[in-house]
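A.B. asks:
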Amino acid sequence: MTREREPLISLALYHAFKWSIVSPMLHAYFRGRIYGVENVPKSGPMVVVSNHASYFDPPIVSNCVRRPVAYMAKEELFEVPVLAQAIKLYGAYPVSRGSGDRNTIRAALEYLNNGWAVGVFLQGTRTPDGKVTDPKRGAALLAAKAKAPFLPVSLWGSEKILQKGSAIPRAVPLTIRIGKLIDAPSSTNKAELQAVTDQCATAINQLHDLGR
């Protein structure tokens with residue numbers, strides 16, 4: 002049975018992490034601007050698709066859509082005491098290097114079937130300028146199987162947070178734009194999955210092109 006919202010413990014952890022760390026840093030340090038929050042459903046499953054240019058992107062996206070967003074995390078992180086429990090409650094699910102996509106998809110579908118928002122970086126890896134140039138069909142497959150809509154999100158400026166060789170985040174201005182929902186594919190046909198994937202990439206890049 003599909004739940005209407007995330008578990009209360011996850012919501013509590015989300016708000017604690019958001020208001021104590023992420024939100025103050027986003028607004029005070031990165032001078033974050035957020036547009037399009039009205040486009041985010043308050044409940045129900047959705048696949049949050051975005052560009053990706055920084056390790057800081059997952060908590061920023063979750064903060065801006067005002068709901069916990071489940072992201073995949075390296076399997077090794079789940080072996081760290083305390084951290085493992087925290088990221089599980091926050092919605093992270095493990096993926097092992099070299100493993101097939103099937104286990105990752107199964108874990109993400111479980112969250113979607115329980116009413117969560119699941120985050121997918123559309124290109125699957127970080128890009129140097131924050132643009133989506135080679136989108137993958139994984140997010141579309143998830144959306145088709147779960148019958149969940151896409152929420153396109155653009156992060157502008159996050160590629161400048163960390164410079165090569167430096168562990169200290171720079172106080173660069175960030176802008177996050179949230180687009181309108183895009184319907185899930187009606188089937189898992191590859192052509193349809195590719196078409197809606199391209200639609201999501203176009204929406205994200207158009208938001209990104211709006212700049213600061």
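Going by my numbering, the final residue of the sequence shown carries number 213, and the count climbs one at a time with no gaps.
For each residue, glycine too, the CB sits at the ideal point set by N, CA and C.
1) So, for residue 172: in the same chain, excluding its five sequence neighbours on each side, which residues have a beta-carbon less than 7 Å away from its beta-carbon?
2) Count the other CB atoms, across all protein chains shown, that sit within 10 Å of the CB of residue 84; report buried if there are 16 or more and exposed otherwise.
3) Please report how far the alpha carbon of residue 10 lies from the alpha carbon of residue 90, in whole angstroms.
4) Going by Cα to Cα distance, which pick from 162, 143 and 108 is closest to residue 127?
5) Residue 118 lies in the beta strand (DSSP E); which residues open and close that run?
6) Taking the alpha-carbon of residue 62 as reference, which of 81, 86 and 41 has the nearest alpha-carbon?
7) Return the chain-ordered list of same chain residues with a C-beta closer than 6 Å to the C-beta of residue 36, the five sequence neighbours on each side being excluded.
8) To the nearest angstrom, how far is it from the Cα of residue 81 to the Cα of residue 16?
9) Can you tell me the Cβ-Cβ gap for residue 53 and residue 122, rounded? I've got them flagged as a contact below 8 Å.
10) Would you kindly report the start and end of the unbroken alpha helix (DSSP H) that includes residue 202?
11) Do you know how far the Cα of residue 92 is from the Cα of residue 45?
12) Roughly how many whole angstroms lie between the Cα atoms of residue 182 and residue 151?
13) Just curious, the beta strand (DSSP E) that residue 66 is in, first and last residue?
14) Please classify residue 155 as buried or exposed, where buried requires at least 16 neighbouring CB atoms within 10 angstroms.
C.D. replies: Judging by the given coordinates:
1) 30 and 31
2) exposed
3) 7 Å
4) 162
5) 118-122
6) 41
7) 178
8) 22 Å
9) 4 Å
10) 191-210
11) 15 Å
12) 6 Å
13) First-last for residue 66: 58-66, but that is the alpha helix (DSSP H), not the beta strand (DSSP E).
14) buried
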